């Protein structure tokens, strides 16, 4: 109904599909890898203790973070020079190659040290691709309708929610239907094969979509990175800060199935079901919050959501630990999911509006990648480490609260610059 008054909505929705399907594939692979961390730990990163093996696997989950900022610099500048559409086509190609390596690499028992090496190579390729994917997709969506930038740009995070639903569905189905032996033998590979199959669809759609009118009308600059550093350093810091809670929340969702099993003693399917609920909420609420941000402003919606996250996260974790049931896990995940989705709906448009067209993709890509590299990507590792060091199952909530405070400060800085 929101779009019914516009006669040329079909090209806009084609743009949404083009950006979302590739972004969904990127996050699907990352989430699946985190969901199967325990299985991958046994098969590719054997160690003297179960905890050490898991920490190695969670560290490998964070390996793409090493090259993500580099991918943001290279692919972000490529998008600002040659177009968002061309960059999106390139990122999906690299992502598919990394997915293929992950899907078909033999285990440590078969090829020894080459197994973890190949997995790390695949993670590095995906990290490089992801470095340019977020900025290119976000800007591509935001530039298709400046009057409703919040709604269209919000599909960036809505597509991540779709990835969570698909990944959690795969995880629950495979753990529920396969024996542990089948899961370790071949079952864990099936989601990666599925991701590999939808990759060509994403590539085809991105090849056929039109470039944004805003980019076509703008004068490109020869060195977007240099321009970003010269004129937008403070805004990059603001963009990093506003993104912190989103990246920490996303990687916390990846960690939750492992947390539910190891800390709450719940069945494997319960952790996946809780994450599926959070993903479904994200798909439903993020576009609504994005549309509301076009009417009410980005900062009011984001500010209310971030304060609520800061207030409720510790009591929710305490409640889950005190009453470790699937019902309490589901309710906690649903509560956090609503608040994070409300915040996420307003942020992509704000990120785009912080920067001029000529450097927009470079600046957004670098900002998001640095937020992931510094705060989000290592969240599962940090949370597992904090639990091991403190002996407290509540430790993950402290890290989420810290992320919320950082994002709250960044929102205040954006407000002082005149953004609403």
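Numbering (the working numbering), first residue to last: 5 to 424.
Beta carbons: idealized from backbone N, C-alpha and C, even for Gly.
Quick caveat, the model's predicted, so the values are computed rather than measured.
What separation, rounded to the nearest whole angstrom, lies between the Cα atoms of residue 10 and residue 146? Because residue 10 carries a pLDDT of 38, less than 50, the predicted location of this residue cannot be relied on, and the following value inherits that uncertainty. Annotation: residue 10 to residue 146 spans about 17 Å, alpha carbon to alpha carbon.
Relative to the C-alpha of residue 386, which candidate in 397, 403, 370, 79 has its C-alpha closest? Of the candidates 397, 403, 370, 79, the one whose C-alpha sits nearest the C-alpha of residue 386 is 403.
Separation of residue 90 from residue 136, as counted between CA atoms: Whole-angstrom Cα-Cα distance: 11 Å.
Minimum C-alpha distance to residue 313 - residue among 21, 394, 248: If we check each option's Cα against that of residue 313, 248 comes out closest.
Could you say if the stretch 215-234 and the stretch 358-368 meet the contact criterion of at least three C-beta pairs nearer than 8 Å? Between the stretch 215-234 and the stretch 358-368 there are three or more inter-stretch CB-CB distances shorter than 8 Å, so the stretches are counted as touching.
Taking the alpha-carbon positions, what's the residue 190 to residue 25 distance? Each residue's CA atom was taken as its position, placing residue 190 and residue 25 some 26 Å apart.
Test item: CB-CB of residue 172 and residue 280 under 8 Å: Going by C-beta atoms, residue 172 is nearer than 8 Å to residue 280.
Exposed or buried, what is residue 424 when buried is set at 16 or more other beta-carbons lying within 10 Å of its beta-carbon? By the 10 Å Cβ count, residue 424 comes out exposed.
So what's residue 421 in DSSP terms, helix, strand or just coil? Looking at residue 421 - three-state DSSP - the assignment turns out to be coil, as it is neither helix nor strand.
For the alpha helix (DSSP H) that contains residue 84, what are its first and last residues? Going by DSSP, residue 84 is part of the alpha helix (DSSP H) stretching over 68-86.
How is residue 298 classed by DSSP in three states: helix, strand or coil? It is helical.
Reference residue 111; option with closest CA among 356, 193, 362: It is 193.
Pairwise C-alpha distance: residue 290 and residue 165: Each residue's Cα considered, the two are about 9 Å apart.
How is residue 148 classed by DSSP in three states: helix, strand or coil? Residue 148 carries a coil assignment under DSSP once its states are collapsed to helix, strand and coil.
Compare the Cα-Cα distances from residue 43 to each of 187, 181, 121 and report the closest residue. 187 is the residue among 187, 181, 121 whose C-alpha sits nearest the C-alpha of residue 43.
Residue 293 to residue 347 span [Cα, whole Å]: For the pair residue 293 and residue 347, the Cα-to-Cα distance works out to about 8 Å.
For residue 49 and residue 113, what's the separation of their Cα atoms in angstroms? One Cα belongs to residue 49, the other to residue 113, and the distance between them is close to 10 Å.
State the Cα-Cα distance for the pair residue 154 and residue 410, rounded to the nearest angstrom. If I take the Cα positions, the gap works out to 22 Å.
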